[in-house]
Every structure is written in C-alpha cells, then in structure tokens.
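Chains as they are written, first to last, in the numbering used here: chain S, 276 to 434; chain H, 276 to 434.
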C-alpha cells in the first residue's frame with residue numbers, strides 16, 4: 276500500500292490508489308479475480324514478480340482487507356490468499372483498464388477477453404447516468420464537490 | 276511511464292498500467308479530465324506534487340500520446356498540456372476507481388461526485404454483457420484467451 280501518499284487529495288480515486296496503486300498491485304488482483312490464483316507460488320509463477328515485492332503486496336492486501344489469508348485445506352503448511360468482497364469489487368476498474376488498454380495501448384487484437392460466465396459473450400464497462408441511461412463520452416461527465424468533501428465539513432472548535 | 280515493466284504479461288491491464296500505473300499518473304489525468312487543468316503550475320498547485328515528478332509524468336504522457344503540449348494562446352511563453360482522445364478515454368477507469376474508493380476506502384460520504392453534465396444526476400460504471408445486459412458481480416465475469424494472445428500467434432520461421 277502507498278499509505279497516505281495522496282493525503283492532500285480529497286478524492287476517492289486517490290484513496291483507491293493508496294490501496295492498489297503500487298506496482299504489480301492490480302495485476303496481483305487480476306490473477307486472484309480472473310486467474311483463480313490463491314497461493315504465493317501461483318502468483319509468483321504467473322507474474323514473474325520478485326519475492327519480496329509479492330510478499331509486501333500480499334501482506335498489504337491482507338492489512339487493507341482486500342484479501343484474507345488462511346491455511347490451505349489441502350496442504351495446511353501452505354497459506355491461501357483469498358479475495359474479500361472488497362477485493363472482488365475491483366473488477367469494474369480492472370475491466371475498464373483492460374478495455375482502455377485493448378483500444379489504446381495494445382497492438383492487434385485483445386490478448387484476453389472478459390466474458391459473461393453465464394452466456395459467453397463479452398462484457399464491457401459502460402458509463403451510465405442513473406437518470407438518463409447512457410453517457411456519451413467523458414465530455415458528458417462533470418465532477419462536483421460531494422457531501423463528504425472537507426470544504427463542506429462543519430467547522431470544529433467554534434464557539 | 277513504466278515502460279515495458281510488465282512485458283511478460285500478455286494483458287491489456289498491464290499495457291494500461293505501463294502508461295498510467297506510476298505514482299500520480301491517474302491523479303494528473305483526473306485533474307486534466309475533470310478539473311480542467313492544462314498548465315504545469317495548475318497541476319502542481321492542485322496536486323502538491325514534486326516538480327521533477329510532475330515534469331516526468333507530463334513529458335511521458337506527451338510521449339505516450341495521452342496529452343499534447345502546445346503554446347498557450349493567452350500566454351505564448353507558457354505551455355498547455357491538453358488531453359488527447361486517448362487520454363480522455365481513461366474516464367471510465369477513473370470513475371470505476373472512484374466508485375470503489377467511495378464504497379471501500381473512504382470514510383463517510385463521497386468527497387467528489389461524478390455527474391451527468393446534461394442532467395446533473397450521478398454517473399456510474401456498470402459492467403454489462405453485450406448479449407444479456409447487466410452483469411451481477413465479478414463472479415459472472417470470466418477471462419478467456421483472446422485472439423491477440425501470443426499462445427494463438429502463428430509460428431514463425433517454420434519450414
């Protein structure tokens with residue numbers, strides 16, 4: 276975890292990146308979510324990541340509540356790292372990054388397809404308006420100060 | 276840019292993170308997309324980021340085609356950094372990360388809301404199946420080898 280690296284930013288993107296913004300973090304989550312990796316050696320083999328980095332990331336994920344660590348039922352001397360609901364909820368961000376990469380950063384056709392398990396067709400991330408439905412591009416998205424922004428917090432210590 | 280840091284990974288998430296996976300990268304894109312920041316000092320003031328890091332990121336974005344650099348029309352001695360279509364296409368990934376952060380990594384209510392510019396209601400990222408419509412959670416998403424995966428590449432140099 277980056278910890279409070281973006282502390283000055285009152286922004287949930289910053290909060291998310293403090294948890295999963297370090298190198299390899301989202302690729303580890305990808306392997307757990309879509310590659311069914313649970314064991315240290317599985318992550319290491321598939322990602323080719325240095326041992327100390329992988330250990331730091333997995334420990335950080337357990338600390339952040341993205342994964343839980345438990346003894347393997349088959350081999351009790353080994354541990355499994357299992358995604359929690361909090362970890363699985365990163366799926367939309369991963370699919371969105373994959374779509375961007377497919378379109379803008381990968382030559383040729385997609386190396387990996389994300390499909391609907393129940394029917395086999397492709398899944399896609401859509402930006403939707405809760406009122407109108409479809410949002411057509413980023414120019415239709417506006418960021419506004421939300422109810423949890425510090426500029427809206429009641430003053431403390433006032434008389 | 277991370278460059279080819281995840282070269283072993285035939286995965287568009289890895290390709291995306293090679294472009295925007297370094298510290299501060301996605302927050303700089305956020306300021307450009309939703310904060311209308313274009314000038315070096317605007318990014319620096321809003322993010323509180325070290326000069327050398329900001330310069331490296333902006334130069335990397337220009338090199339990667341996420342931004343273009345042009346002389347300011349108002350102050351020709353200054354440069355503006357403007358998102359390209361490639362950069363603006365990161366909006367769904369940012370909104371998805373923000374939603375995750377709102378739900379799982381921020382205490383209290385959202386500090387920033389992403390709204391539909393045309394009606395003012397909230398926008399949200401939905402994982403959709405192109406065939407069935409709504410996808411209910413990550414367990415309904417399956418990753419499969421795509422047409423651009425190296426395991427499907429024709430062998431070269433064969434007789």
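Even glycine gets a Cβ: it sits at the ideal position worked out from N, Cα and C.
If you drop the 5 nearest sequence neighbours on each side, which residues of the same chain put their C-beta closer than 7 Å to that of residue i?
i	result
residue 357(S)	313, 342, 343 and 345
residue 280(S)	293
residue 295(H)	301, 304 and 365
residue 432(S)	Here residue 432(S) scores only 48 on pLDDT, less than 50, and its place in the model should not be relied on; the value that follows carries that caveat. Within the same chain, residue 432(S) has no close Cβ partners at all.
residue 285(S)	424 and 425
residue 349(S)	none
Which residue comes first and which comes last in the alpha helix (DSSP H) that contains residue i?
i	result
residue 285(S)	No alpha helix (DSSP H) holds residue 285(S); DSSP gives it neither H nor E.
residue 362(H)	360-363
Look at residue i and residue j and say whether their C-beta atoms are less than 8 Å apart.
i	j	result
residue 376(S)	residue 373(H)	no
residue 420(S)	residue 303(H)	no
residue 292(H)	residue 333(S)	no
residue 381(S)	residue 400(H)	no
residue 299(S)	residue 364(H)	no
residue 394(H)	residue 407(S)	yes
residue 404(H)	residue 398(S)	yes
residue 425(H)	residue 385(S)	no
residue 283(S)	residue 323(H)	yes
residue 413(H)	residue 353(S)	no
residue 418(S)	residue 368(H)	no
residue 416(S)	residue 315(H)	no
Quick one: give me the first and last residue of the beta strand (DSSP E) that residue i is part of.
i	result
residue 402(S)	398-404
residue 419(S)	416-420
I'd like the list of long-range same chain contacts for residue i, defined as Cβ closer than 6 Å, with 5 residues on each side in sequence excluded.
i	result
residue 337(H)	344
residue 317(S)	none
residue 427(H)	none
residue 351(H)	none
residue 347(S)	353 and 355
residue 361(H)	340 and 341
Round the Cβ separation of residue i and residue j to the nearest angstrom and send it over; I've been treating them as touching at under 8 Å.
i	j	result
residue 410(S)	residue 391(H)	6 Å
residue 359(S)	residue 335(S)	So it is not a contact: roughly 14 Å between Cβ atoms.
residue 306(H)	residue 290(H)	Contact doesn't hold; Cβ gap of about 23 Å is too wide.
Quick one: what's got a C-beta closer than 8 Å to residue i's C-beta in the same chain, skipping five residues either side?
i	result
residue 326(S)	319
residue 396(H)	390
residue 330(H)	315
residue 434(S)	Confidence at residue 434(S) is low in this model, with a pLDDT of 37, below 50, so the placement of that residue should be treated as unreliable; the coordinate-derived value is given next. Excluding positions up to five away in sequence, the list is empty.
- May I have a chain-ordered list of the beta strand (DSSP E) segments no shorter than 3 residues that lie completely inside the region 304-351 of chain S? 342-346
- Item | Uninterrupted beta strand (DSSP E) stretches inside the region 365-396 of chain H (no shorter than 3 residues) | 387-391
- Task: For the region 401-421 of chain S, enumerate the residues whose C-beta is nearer than 8 Å to any C-beta of chain C, in chain order.
- Result: Structure shown: chain C not included; protein chains present are S and H.
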